[in-house]
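Notes follow the structure.
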Amino acid sequence: MKAVYRIASCIMVGVFTAAGSISAYDIGFRTLTFTDPVRSRDIPVYIAYPAESPGSSAPVAAGVFPVIVFGHGFLIDTDDYGFLWEAAVPEGFIVILPSTEGTLSPDHGSFGLDLAFLCDFFPSLNTDPASPFYQHVAPATAVMGHSMGGGSSFLAAAETGTITALANFAAAETDPSAIGAAEAITIPALLFAATEDCITPPNSHQMPMYTALSSECKTIVTLNGASHCQFASNNSTCRLGEIISGCSASIPLETQETRTLSILIPWLQAVLMNNPTAWTSFQQTLQDGITSGIFTVEQQCPTPPLPTPTPTPASSPTPACINSGDATLDGTLTAGDAQLIFSIVLGSITPTFEEACAADCTGDGSITAGDAQQTFFAVLGTGTCTDPIVFTDYR
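Shown next as structure tokens:
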């Protein structure tokens with residue numbers, strides 16, 4: 489029993505936060521350099537990822553994980569975004585931060601191409617046996633950024649069709665134009681702005697970007713009392729610019745970070761992990777913030793941006809759909825069944841009709857993180873699926 493619980497914990501941790509479960513992956517980190525062969529350009533990156541134990545070069549934890557590629561702001565170190573990866577990695581995300589274009593004369597177009605290259609290239613490591621990320625990368629990627637990196641995230645999203653979602657903090661207009669690039673972007677988007685931002689005022693930067701986006705589901709959240717530089721832990725160079733410009737936040741740094749993450753993390757879980765419970769949490773957080781007056785929201789999103797897993801059509805006559813949780817179809821329930829269901833939710837595995845039926849443990853006609861969770865409870869003997877099997881294997 490103890491062995492099964494330990495294995496299942498590694499598989500399921502971080503998936504059910506929106507539903508109230510409390511657990512977290514350790515944070516591993518690596519500093520690597522990738523090369524874009526088309527441009528003969530080296531791209532050094534800092535990677536924070538779910539690990540078996542904390543620390544440098546620790547083995548990647550069991551499971552497959554969505555990817556976040558994040559672009560830094562002008563003259564801001566990647567270290568200043570620790571609050572992001574310290575929140576995202578424990579929830580099951582890989583966070584990649586390139587350090588290119590950190591000079592006084594950055595090339596926004598090149599930085600956007602760096603972000604686009606990483607979004608295209610890194611998922612390929614899932615099938616590279618020589619990579620430490622072999623069989624650990626889910627086919628879902630968000631491009632993000634702050635300030636200059638936020639504007640460059642628009643350039644990246646317009647450059648490649650492999651990106652699943654776009655999010656950024658106080659994005660700055662760039663050259664080439666992020667506002668101009670927005671029209672070509674149709675993926676789900678979440679933008680953050682700050683009322684006390686005099687570096688990239690929302691009315692001339694983030695709002696035009698939001699308006700220009702062609703995304704069917706897009707949201708912009710303006711945090712009251714927040715500042716530009718508190719999205720980067722009040723980086724000293726950035727803060728100096730605010731002092732010279734005569735603006736500053738009226739809420740503490742920790743408050744701005746907490747409010748940002750309370751919105752961002754469930755949104756990422758929804759759009760990258762296909763978690764409808766997280767989408768409900770995201771929308772409720774928005775409503776609560778509007779009611780309490782801590783931020784304002786504009787949203788155009790007629791339906792949640794969540795793909796619905798579709799079982800493989802069966803030949804006629806259609807066989808009975810057995811919602812047992814036994815996704816491996818081996819006649820037993822183990823942690824492996826919960827892992828397989830989670831892989832189906834992430835889209836890394838296309839199930840057969842029988843596997844899809846078994847994976848739908850709750851019997852509600854869809855396959856979600858809740859099915860993986862309920863199967864896990866059935867393995868532990870604390871719950872059952874709709875059509876429980878007679879024998880449960882606790883090995």
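Each residue of the sequence shown is one higher than the one before, counting from 489 in the working numbering.
Idealized CB from N, CA, C, for every residue including glycine.
Assuming residue i is part of the beta strand (DSSP E), what are its boundary residues?
i: residue 530; result: 529-539
i: residue 788; result: 783-788
Please report the straight-line C-alpha distance between residue i and residue j, rounded to a whole angstrom.
i: residue 666; j: residue 712; result: 24 Å
i: residue 835; j: residue 627; result: 7 Å
i: residue 851; j: residue 858; result: 11 Å
i: residue 606; j: residue 873; result: 40 Å
i: residue 730; j: residue 531; result: 30 Å
i: residue 690; j: residue 680; result: 9 Å
i: residue 718; j: residue 837; result: 40 Å
i: residue 670; j: residue 646; result: 7 Å
i: residue 676; j: residue 548; result: 28 Å
i: residue 865; j: residue 813; result: 10 Å
i: residue 632; j: residue 845; result: 36 Å
i: residue 568; j: residue 875; result: 50 Å
i: residue 657; j: residue 513; result: 25 Å
i: residue 716; j: residue 566; result: 16 Å
i: residue 539; j: residue 515; result: 5 Å
i: residue 832; j: residue 863; result: 14 Å
i: residue 685; j: residue 726; result: 11 Å
i: residue 870; j: residue 706; result: 39 Å
i: residue 560; j: residue 839; result: 39 Å
i: residue 541; j: residue 574; result: 14 Å
i: residue 583; j: residue 590; result: 19 Å
i: residue 533; j: residue 641; result: 16 Å
i: residue 622; j: residue 551; result: 11 Å
i: residue 761; j: residue 554; result: 7 Å
Helix, strand or coil for residue i per DSSP?
i: residue 623; result: coil
i: residue 818; result: coil
i: residue 806; result: Note that residue 806 scores a pLDDT of 49, beneath 50, so its modelled location is shaky; the value from the coordinates is reported in the next line. Of the three classes helix, strand and coil, the one that applies to residue 806 here is coil, per DSSP.
i: residue 745; result: helix
i: residue 871; result: coil
i: residue 799; result: Caution applies to residue 799, whose pLDDT of 46 falls short of 50 and renders its modelled position unreliable; the model cannot decide the point.
i: residue 829; result: helix
i: residue 435; result: It is not possible to answer for residue 435, since the shown part of the chain is limited to 489 through 883.
i: residue 509; result: In this prediction, residue 509 scores a pLDDT of 39, lower than 50, which makes its location untrustworthy; the coordinate-derived value is nonetheless stated afterwards. In this structure, residue 509 counts as coil in the three-state DSSP scheme.
i: residue 739; result: coil
i: residue 708; result: strand
i: residue 858; result: helix
i: residue 876; result: coil
i: residue 863; result: helix
i: residue 847; result: helix
i: residue 713; result: coil
i: residue 811; result: coil
i: residue 839; result: coil
i: residue 824; result: helix
i: residue 690; result: helix
i: residue 793; result: coil
Output the boundary residues of the alpha helix (DSSP H) element that contains residue i.
i: residue 684; result: Looking at the DSSP string, residue 684 is not in any alpha helix (DSSP H), and its letter there is neither H nor E.
i: residue 774; result: 764-780
i: residue 694; result: 694-700
i: residue 725; result: 724-733
i: residue 720; result: Residue 720 -> no alpha helix (DSSP H), and no H or E assigned at all.
Could you pull the DSSP bridge partners for residue i from this structure?
i: residue 515; result: 538
i: residue 520; result: 533
i: residue 526; result: Bridge partners of residue 526: none, in fact.
i: residue 678; result: 655, 707
*asked:* Threshold first: 4 residues or longer. Then list the alpha helix (DSSP H) segments lying entirely within the segment 615-676, N to C.
replied: 636-647, 666-670
*Every unbroken alpha helix (DSSP H) inside the segment 541-609 [4 residues or more]*: Whole alpha helix (DSSP H) segments, 4+ residues: 570-576, 596-609.
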